[in-house]
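In terms of this note's numbering, the first sequence opens at residue 1 and continues consecutively. A virtual CB, placed ideally from N, CA and C, is assigned to each residue, including glycine. As the structure is a prediction and not an experimental result, all values here were calculated from the model.
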Amino acid sequence: MKYEPKSFEKKWQVKWEESNIFKTEEDSLKPKCYILDMFPYPSGAGLHVGHFKGYVATDILSRYRRMQGFNVLHPMGWDAFGLPAENYAIKTGTHPEIVTKQNIENIKKQMKDAGLSYDWSKEIDTTDPNYYKWTQWIFLKMFEKGLAYEANMPINWCPSCKTGLANEEVVAGACERCGTLVKQKKLRQWVLRITKYAERLLNDLDDLDWGAEIKEMQKNWIGKSEGAEISFKIEDEELKVFTTRPDTLFGCTYVVLAPENELVLKLKERIENKKELEDYLEKTKLKTERERIAEVKEKTGVQLLGVMALNPANGKKIPVFVADYVLAHYGTGAVMAVPAHDERDYEFAKGFNLDVLEVVKGGDILKEAYTGEGVLVNSGDFNGMESSLAKEKIVDFLKAKKVVKYKLRDWIFSRQRYWGEPIPLIHCPKCGIVPVSIKELPLKLPKVLNYEPTNTGESPLANIAEWINVKCPICNEDAKRETNTMPQWAGSCFYYLRFIDPKNEKEIVNKKDEKHFMPVDLYVGGAEHAVLHLLYSRFWHKFLYDIGVVSEKEPFKKLRNVGLILAHDGQKMSKSKGNTVSSEEIINEFGVDTLRVYEMFMGPFFDAISWNMQGVKGVSRFLNRFWNFCIECKENKFESSENILREENILIKKVEEDLEEMKFNTAIAFFMEFLNFVEKRKTEVSLKTMETVLKLFYPFAPHMAEELWNILGNETFISLEKWPAYDSKLMIEDVMELIVQVNGKVRDKIEVNANLSKGDLEKIALKSEKVQKWLKEKEVKKIIFVPPKLINIVI
RNA sequence: GCCGAGGUGGUGGAAUUGGCAGACACGUAUGCCUUAGGAGCAUAUGCCUUCGGGUGUGAGGGUUCAAAUCCCUCCCUCGGCACCA
1 MKYEPKSFEK
11 KWQVKWEESN
21 IFKTEEDSLK
31 PKCYILDMFP
41 YPSGAGLHVG
51 HFKGYVATDI
61 LSRYRRMQGF
71 NVLHPMGWDA
81 FGLPAENYAI
91 KTGTHPEIVT
101 KQNIENIKKQ
111 MKDAGLSYDW
121 SKEIDTTDPN
131 YYKWTQWIFL
141 KMFEKGLAYE
151 ANMPINWCPS
161 CKTGLANEEV
171 VAGACERCGT
181 LVKQKKLRQW
191 VLRITKYAER
201 LLNDLDDLDW
211 GAEIKEMQKN
221 WIGKSEGAEI
231 SFKIEDEELK
241 VFTTRPDTLF
251 GCTYVVLAPE
261 NELVLKLKER
271 IENKKELEDY
281 LEKTKLKTER
291 ERIAEVKEKT
301 GVQLLGVMAL
311 NPANGKKIPV
321 FVADYVLAHY
331 GTGAVMAVPA
341 HDERDYEFAK
351 GFNLDVLEVV
361 KGGDILKEAY
371 TGEGVLVNSG
381 DFNGMESSLA
391 KEKIVDFLKA
401 KKVVKYKLRD
411 WIFSRQRYWG
421 EPIPLIHCPK
431 CGIVPVSIKE
441 LPLKLPKVLN
451 YEPTNTGESP
461 LANIAEWINV
471 KCPICNEDAK
481 RETNTMPQWA
491 GSCFYYLRFI
501 DPKNEKEIVN
511 KKDEKHFMPV
521 DLYVGGAEHA
531 VLHLLYSRFW
541 HKFLYDIGVV
551 SEKEPFKKLR
561 NVGLILAHDG
571 QKMSKSKGNT
581 VSSEEIINEF
591 GVDTLRVYEM
601 FMGPFFDAIS
611 WNMQGVKGVS
621 RFLNRFWNFC
631 IECKENKFES
641 SENILREENI
651 LIKKVEEDLE
661 EMKFNTAIAF
671 FMEFLNFVEK
681 RKTEVSLKTM
691 ETVLKLFYPF
701 APHMAEELWN
711 ILGNETFISL
721 EKWPAYDSKL
731 MIEDVMELIV
741 QVNGKVRDKI
751 EVNANLSKGD
761 LEKIALKSEK
771 VQKWLKEKEV
781 KKIIFVPPKL
791 INIVI
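This is the structure we're talking about:
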């Protein structure tokens, strides 16, 4: 009987589905385990082999946990709002809903063909009104609590996607989606007050079992700085600056305002060089974010002639500048410049020939700015003090305020596009902004004729009079609906909750099941969402915690990032490059189990590794050998020897340990080693041993395992078998190899009885001919014994 | 520039509580089988070698009986952030 995966893989997929064996149990007494994949955007291109890597890993772990007796929740759904479907609609006139449905069907089939053990009864789709009713509900709750606010401000605008973007969606000055350079555009916006949660989003990272890279990225993104707010007098006006180095205040030889700082306008009227200032302001306004970044090396600015600021530490008069190296949106939009101890101020001061006054010892300020700590000089009463202490003392002396600042900015939440959740608000000329009544949710996305975004910064919804024009829910006068939609990230902020209770019409999730299944025990997906989805969903979750909807502070207890599968050429796989490998192709030629085992064997799960067709063949060869060996075992009916039982128990232990750490590659290597070992000792392997190994291998190659289990004479599903337990007593060796080193170098390996004492082993080691050769005429200084089997003779 | 991850054969990688470096696989070579092989099986495979051995985990130094693993200095690759005061 040959290994022909095509002849049975589909059969088992159908049987699994018919028997509902992957369905999460309701009101189960078993311990729960929630294993979640980042749900995909149902793109028209479908899935290629790279997409499966993470899904296979969570599938393996889900099957493993089920065998261990857990009630596993392992669902799948669709993050289906977004631009590709909408752009396709613009091109073809097909409604995004229709395209989305088709794409979902296609990808779902691909997933089913891959034998992934999802509980499909839990399936969700973020574009389903029954789903986005809850997205809108959460938004209204945020609105109610003052966390959603309207603002008219310059934001990042993608000229290609014709929509505003969140800060997190701008990568190196370009749109995260399409790579077009972003422009600044002043727009009326809905903004979510994520900054209110900055401190909690930062602190709660500590308790999460996430990879170091993602935690660091979030930390840096939130960007907490502790410092002080210090007041300077500029004539009769007050200028507030934020600094993390109040200890350097005596070294402040000028102050700088951002061009956008309000005080600039106030001072403009009384300075001598008004024209020069106006030219500069005009020039900076025209610069894009990108140009500002490119000009980091050359710092420009204008001194406000005729006004001076007062350094509050020593009462000295210092010049005032406007320069675009100071950012308007951070701190107070102004800085106290300490050229001796800040690189940027140093550069600016050099360019404008300003005083550089050393106040902290430790560097050579003739060469460069010294940004480290040290002892204060030129600082009046504070001379001789350590800067760490001076920070406190100078703040006290000024009676200034200690403050904390974050780089994190509020979340620009509205999009000027069609295919997203409508924001459920109404603009009433009398009553202002009025929320749609919760009873009216979902506020459905209306049908439009034209999906094309406008250039005016309004969504296509603005053109549908019958939808826009409503009566105000409060005063019943004529009013208009909000026409912006929500960003793509909205629907994924809480989907993990909806999986628990997808059909509930009364609440997002019922309390009992939420308590039972949350938090997610393992969350697997790509690292590209580090500061997008993963930050946004933590924010929403904390909000839901505050209003009592959820009982845990954090949604994802453990997060692991799947490493990319690169194309053969080391490039990222993409349809446009034409270097993708289709999963259908691999499944057709080698079977699903080969695809699964190969993807897990390629290398460490978390690393990016190139696809290699030779490697696929190697795995296919191994599965063939495994199959053949199993069939032979059935025919032969031997009893397992002690040696085999030992290897069997060691295998159980090793596979279990590696699965816990997601070290799939080494787990599979152990199976290969085991097979290499037993193939030489065929007559010592029992059917029982083989069945145990089959259970261990089942999560990796479930189709093959089911088929072999059946061939070995079992009527039941191997899927429903218990995970084997190992017996440490059976793992003890009676013979071992003694390693003998001389001065740390291996000189002999001797087969010895494992029960010998240290003294006996030393005698054997010294007697060895090979070792004797090295000991000739030398004095043995010391013998070091490292249990259980290494001896180092020092001469 | 700052932060993070990493650097091991021809290749993917194993070994991280300091204790046999190179598991497992790919590739390659030789042989067997075959009408044939992009099939299967067997053996070998870090490098150098005068066949005694020497040497070897990015480079250099240190600690130790013993270092891929710990410490110091430096280099390189990848990812993120990027005038955040």
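What are the start and end residues of the beta strand (DSSP E) that includes residue i?
i, result
"Thr594", "Taken as a continuous stretch (DSSP letters only), Thr594 belongs to no beta strand (DSSP E), being part of the alpha helix (DSSP H) at Val592 to Phe601."
"Gln184", "Lys183 to Leu192"
"Gln488", "Here Gln488 belongs to no beta strand (DSSP E), and DSSP marks it neither H nor E."
"Cys431", "It is not in any beta strand (DSSP E) - Cys431 carries neither H nor E in the DSSP assignment."
"Leu327", "Run containing Leu327: none; DSSP gives neither H nor E here."
"Gly164", "Thr163 to Leu165"
"Trp157", "Ala148 to Cys158"
"Ala228", "Lys224 to Ile234"
"Asn792", "Leu790 to Val794"
"Cys33", "Lys32 to Asp37"
If we call anything under 8 Å between Cβ atoms a contact, is residue i one with residue j?
i, j, result
"Lys361", "Pro246", "no"
"Ile35", "Thr58", "yes"
"Trp12", "Glu706", "yes"
"Thr24", "Phe81", "no"
"Gly54", "Pro702", "no"
"Leu564", "Ala608", "yes"
"Tyr325", "Lys299", "yes"
"Arg417", "Leu181", "no"
"Leu304", "Ile271", "yes"
"Glu421", "Tyr132", "yes"
"Met153", "Glu123", "no"
"Pro339", "Thr243", "no"
"Arg625", "Leu675", "yes"
"Ile791", "Glu751", "no"
"Trp190", "Asn484", "yes"
"Lys634", "Ile718", "no"
"Phe606", "Asn665", "no"
"Ile784", "Val742", "no"
Let me make sure I understand the geometry here. Which of the options has the alpha-carbon closest to that of residue i?
i, options, result
"Ser43", "Trp12, Asn106 and Phe670", "Asn106"
"Gly333", "Phe321, Lys729 and Lys186", "Phe321"
"Ala155", "Phe413, Leu305, Glu343 and Ala349", "Correcting the residue type first, residue 155 is Ile in the shown sequence and not Ala. Looking at the Cα atoms, Phe413 is the closest of the given residues."
"Asn636", "Glu260, Glu684, Thr371 and Ala479", "Glu684"
"Glu466", "Val448, Glu458 and Asn455", "Val448"
"Ile438", "Lys316, Ala85, Leu140 and Leu376", "Leu140"
"Phe677", "Ser641, Thr163 and Phe539", "Ser641"
"Leu201", "Tyr545, Thr692 and Lys30", "Tyr545"
"Glu777", "Glu769, Ser768, Ile795 and Leu534", "Ile795"
"Cys475", "Pro312, Asp207, Gly432 and His516", "Gly432"
"Glu458", "Asn612, Tyr280, Thr163 and Lys196", "Thr163"
"Ile631", "Leu267, Glu647 and Leu694", "Leu694"
When burial is assigned at 16 or more other CB atoms within 10 Å of the CB, is residue i buried or exposed?
i, result
"His48", "buried"
"Met111", "buried"
"Thr772", "The residue you asked about is not Thr; residue 772 is Gln in the sequence shown. Exposed."
"Pro788", "exposed"
"Arg621", "exposed"
"Asn753", "exposed"
"Met600", "buried"
"Leu366", "exposed"
"Ser551", "exposed"
"Gln571", "exposed"
Is any heavy atom in the ligand FMN found nearer than 7 Å to the beta carbon of residue i?
i, result
"Glu97", "What this structure holds is no ligand at all, so the ligand FMN is not there to describe."
Could you give the first and the last residue of the continuous alpha helix (DSSP H) run that contains residue i?
i, result
"Phe397", "Ser387 to Leu398"
"Phe242", "Not the alpha helix (DSSP H): Phe242 falls in the beta strand (DSSP E), residues Glu237 to Thr243."
Output the residue ranges of the alpha helix (DSSP H) runs that lie fully inside the segment 449-535 and measure 4 residues or longer, sorted by chain position. 465-468, 495-498 and 511-517
Report the start-end ranges of each beta strand (DSSP E) in the segment 543-599 that is 3 residues or longer and not cut off at the edges. 559-561
Any alpha helix (DSSP H) of 4 or more consecutive residues that is wholly inside the segment 39-93: 49-67 and 83-92
Where in the segment 311-369 do unbroken runs of the beta strand (DSSP E), each at least 3 residues long, occur, reported from the N-terminal end onward? 317-322 and 334-337
Can you list the alpha helix (DSSP H) stretches of 4 or more residues lying completely in the segment 738-790, in chain order? 758-767 and 769-775
Complete runs of the alpha helix (DSSP H) confined to the segment 674-734 [at least 4 residues]: 687-697 and 702-711
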